[in-house]
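*Asks:* Numbering (the UniProt record's numbering), first residue to last: 1 to 132. Let me give you the structure first, and then I'll get to my questions.
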């Protein structure tokens, strides 16, 4: 049950725990269907991971769409710089969201939520850049 409450707290304010993560409001990050899924999960780890997985798929597509829109407006060298920036971001996200090998299922849940948080924040960042 502790995991459930921690996940709900993260979905309400996904970046409060870390100074290095961007501060975005919940409305800028997750869809209402994610909150509904988490609320209905009753703290069951498999269900929570399914909620995270579905939202991650949406946010990853959102990120990729924003990346492509941003890329279309750039010149050759700027496209290369964006590609390199994105590759570095992916490596950083993956490194910072690596689960503790001794943490059990809660560590995997935390790692999946970390991936979701960072992917949604990056999607919002690229969307903002693509509109300017």
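Every residue gets a Cβ at the ideal spot worked out from N, C-alpha and C, and that includes glycine. Keep in mind that this is a model prediction, so the values were computed, not measured.
The alpha helix (DSSP H) that contains residue 104, what's its start and end?
*Replies:* 104-130
*Asks:* So, is residue 44 buried or exposed, given that buried needs 16 or more other C-beta atoms within 10 angstroms?
*Replies:* exposed
*Asks:* Would residue 119 pass as a contact of residue 56 if the rule is Cβ separation under 8 Å?
*Replies:* yes
*Asks:* Give a yes or no on whether the C-beta atoms belonging to residue 97 and residue 88 are separated by under 8 Å.
*Replies:* no
*Asks:* Return the Cβ separation of residue 63 and residue 116 in integer angstroms, given the expectation that the two are a contact with Cβ distance under 8 Å.
*Replies:* Not confirmed; about 11 Å, so no contact.
*Asks:* Excluding five sequence neighbours on each side, which residues of the same chain lie with their C-beta closer than 8 Å to the C-beta of residue 135?
*Replies:* Look at the range of the chain in this structure, 1 to 132, and you will see that residue 135 is not part of it.
*Asks:* Does residue 81 pass the burial test, meaning 16 or more other C-beta atoms within 10 Å, or should it be called exposed?
*Replies:* exposed
*Asks:* Secondary structure at residue 71, three-state DSSP: helix, strand or coil?
*Replies:* helix
*Asks:* Considering only C-alpha positions, which residue in the set 59, 85, 49 is nearest to residue 31?
*Replies:* 59
*Asks:* Does DSSP put residue 42 in a helix, in a strand, or in coil?
*Replies:* Three-state result, residue 42: coil.
*Asks:* Apart from the five residues on each side of it in sequence, which residues of its chain come closer than 6 Å, Cβ to Cβ, to residue 37?
*Replies:* 51
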